[in-house]
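Single-structure report; data block below.
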Amino acid sequence: MTQKIIIDTDPGIDDAMAILFAEAHPDIELLALTTVFGNATIENGTNNALYLKQKFNCNYDVAQGADKPLTRPPVGPTVIVHGETGFGHLHAGPMDLDKVDARPAYQYIIDQLKAHPGEITLVAVGPLTNLSLALQAEPQITQWVKQVVIMGGAFGENGHRGNVTPFAEANIHDDPHAADSVFTADWPVIIIGLDVTEESFFSADYLEQLKDDAGEAGRFLHEVSRYYLEFYSDKLGLAGCHVHDPSAVAYVINPALFTLRNGPVRVVLDGCAEGMTLQKTDTRLHGHDEWEHAPKQQVAIQVNDTALLELYRHTLVEYGKS
Ligand code: BDR
Ligand code: CA
Numbered sequence: 142m143t144q145k146i147i148i149d150t151d152p153g154i155d156d157a158m159a160i161l162f163a164e165a166h167p168d169i170e171l172l173a174l175t176t177v178f179g180n181a182t183i184e185n186g187t188n189n190a191l192y193l194k195q196k197f198n199c200n201y202d203v204a205q206g207a208d209k210p211l212t213r214p215p216v217g218p219t220v221i222v223h224g225e226t227g228f229g230h231l232h233a234g235p236m237d238l239d240k241v242d243a244r245p246a247y248q249y250i251i252d253q254l255k256a257h258p259g260e261i262t263l264v265a266v267g268p269l270t271n272l273s274l275a276l277q278a279e280p281q282i283t284q285w286v287k288q289v290v291i292m293g294g295a296f297g298e299n300g301h302r303g304n305v306t307p308f309a310e311a312n313i314h315d316d317p318h319a320a321d322s323v324f325t326a327d328w329p330v331i332i333i334g335l336d337v338t339e340e341s342f343f344s345a346d347y348l349e350q351l352k353d354d355a356g357e358a359g360r361f362l363h364e365v366s367r368y369y370l371e372f373y374s375d376k377l378g379l380a381g382c383h384v385h386d387p388s389a390v391a392y393v394i395n396p397a398l399f400t401l402r403n404g405p406v407r408v409v410l411d412g413c414a415e416g417m418t419l420q421k422t423d424t425r426l427h428g429h430d431e432w433e434h435a436p437k438q439q440v441a442i443q444v445n446d447t448a449l450l451e452l453y454r455h456t457l458v459e460y461g462k463s
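Residue 463 is where the sequence shown ends in this note's numbering, and the numbering goes up by one at each step.
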């Protein structure tokens, strides 16, 4: 059965990989991209969302969201990873802003969830500011959403603890207060963090093959990923990149690719571990317990990376034929 999703995103090179994956898969109905600051400024991120829509003739709506975090000072665009405007060496010319929905992203999310109760999966692959604003404005969305799938966080599984700091992942570090409110809301959250996204790897060869076999989408992803791969090569000594945002879409398509662990999740809001994510998995009673009243959420701790890479390649190659 087709699944309706909204991707909340900061496009972003691996965001583009995730968006085209969702657009390409026949089981997914991509209703909208709601944009958020993060990899790029909000203006550039929204422009990139419109660029993909036009280039690949997509039907999704675009609604622009938050330009800064709720409380902490902004970290600023991740130019070193995603380039000056978010798509590496590719600078999309200015798109027609009339094509952007008139509502702010959080209101767009509320309206869509209300119109389709129990049907829509929110897939958040950027800072969680829009989702937090939606929760504040309409707490009832927790009853209307089907599930919330998040790329973010790191729990130390498989040795993965952080990418922007030793103990924080970028999306959560960008707005820890928003993330904590999303994880502690009473709705079903599945967290696809570095624990699994850094266990899957798009090698340079894999992306070359996509360029050859997956039509325009393959060529585009190869082109935008040049800058990303330069970062991985220069800073991490790797010939390829981790599979961050596409892993969240992969979960929606085939949850069996992942092993999940249950327990309430909180976020460190400031100090040297700002943005660190922690899941309580034991039942011990403590005198002070900030996890005690938080609902249990699911954290991905293992992934079948071979099957995930096959799913991604197959989906894009088939899309390339259409
Ligand atoms: C996450 O941060 C962003 O740079 C990527 O797009 C991804 O969502 C990885 O930590
Ligand atoms: Ca992202």
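By construction, the Cβ of each residue, glycine as well, lies at the ideal position given by its N, Cα and C atoms.
All values reported here derive from a predicted model rather than from experimental measurement.
Could you tell me whether any non-hydrogen atom of ligand 1 is closer than 7 Å to the CB of residue i?
i, result
"Val177", "no"
"Val222", "yes"
"Gly267", "yes"
"Ala311", "yes"
"Met292", "yes"
"Asn304", "yes"
By the 10 Å Cβ neighbour count, where 16 or more other Cβ atoms means buried, how is residue i classified, buried or exposed?
i, result
"Val220", "exposed"
"Pro214", "exposed"
"Leu276", "buried"
"Glu433", "exposed"
"Arg302", "buried"
"Asn200", "exposed"
"Asp156", "buried"
"Gln420", "buried"
"Gln248", "buried"
"Ala278", "exposed"
"Thr212", "exposed"
"His429", "exposed"
"Glu340", "buried"
"Gly206", "buried"
"Gln284", "exposed"
"Ser463", "exposed"
"Asp431", "Rather than Asp, the amino acid found at residue 431 in this sequence is Glu. By the neighbour-count rule (16 or more Cβ atoms within 10 Å), Glu431 is not buried but exposed."
"Asp316", "buried"
"Leu274", "buried"
"Ala139", "Outside the shown range of the chain (142 to 463) lies residue 139, about which nothing can therefore be said."
"His427", "exposed"
"Glu164", "buried"
"Leu238", "exposed"
"Pro451", "Going by the sequence as given, residue 451 is Glu instead of Pro. With fewer than 16 Cβ atoms within 10 Å of its Cβ, Glu451 is classed as exposed."
"Gly287", "Note that residue 287 corresponds to Lys in the displayed sequence, not to Gly. Buried."
"Lys196", "exposed"
"Gly300", "exposed"
"Leu174", "buried"
From which residue to which residue does the alpha helix (DSSP H) around residue i run?
i, result
"Gly359", "Gly356 to Phe372"
"Ala181", "Looking at the DSSP string, Ala181 is not in any alpha helix (DSSP H), and its letter there is neither H nor E."
"Asp155", "Ile154 to Ala165"
"Gln281", "Run containing Gln281: none; DSSP gives neither H nor E here."
"His301", "First-last for His301: undefined, no H or E at that position."
"His223", "Val220 to His223"
Within the present structure, is the beta-carbon of residue i separated from the nearest heavy atom of ligand 2 by less than 7 Å?
i, result
"Thr283", "no"
"Asp446", "no"
"Gly153", "yes"
"Asp315", "no"
"Asn180", "yes"
"Asp208", "no"
"Asp386", "yes"
"Thr219", "no"
"Asp156", "yes"
"Thr150", "yes"
Across which residues does DSSP place residue i in a beta bridge pair?
i, result
"Asn312", "The partner list for Asn312 (beta bridge, DSSP) is empty, contrary to what the question assumes."
"Ile331", "Val290 and Gln439"
"Cys115", "One cannot answer for residue 115 here, as it falls past the ends of the chain, which runs 142 to 463."
"Phe342", "His383"
"Gln205", "Thr176"
"Leu171", "Ile146"
"Gly404", "Gln438"
"Phe399", "Val444"
"Thr325", "DSSP output for Thr325 lists no bridge partner at all."
Starting from residue i and walking both ways along the beta strand (DSSP E), at which residues does that stretch end?
i, result
"Asp149", "Gln144 to Thr150"
| In the stretch 415 to 462, which residue ranges form an unbroken beta strand (DSSP E) of at least 3 residues, counting only runs that do not cross its ends? | 418 to 420 and 438 to 444
| Ordered list of beta strand (DSSP E) runs contained in the stretch 233 to 273, each at least 3 residues | 261 to 265
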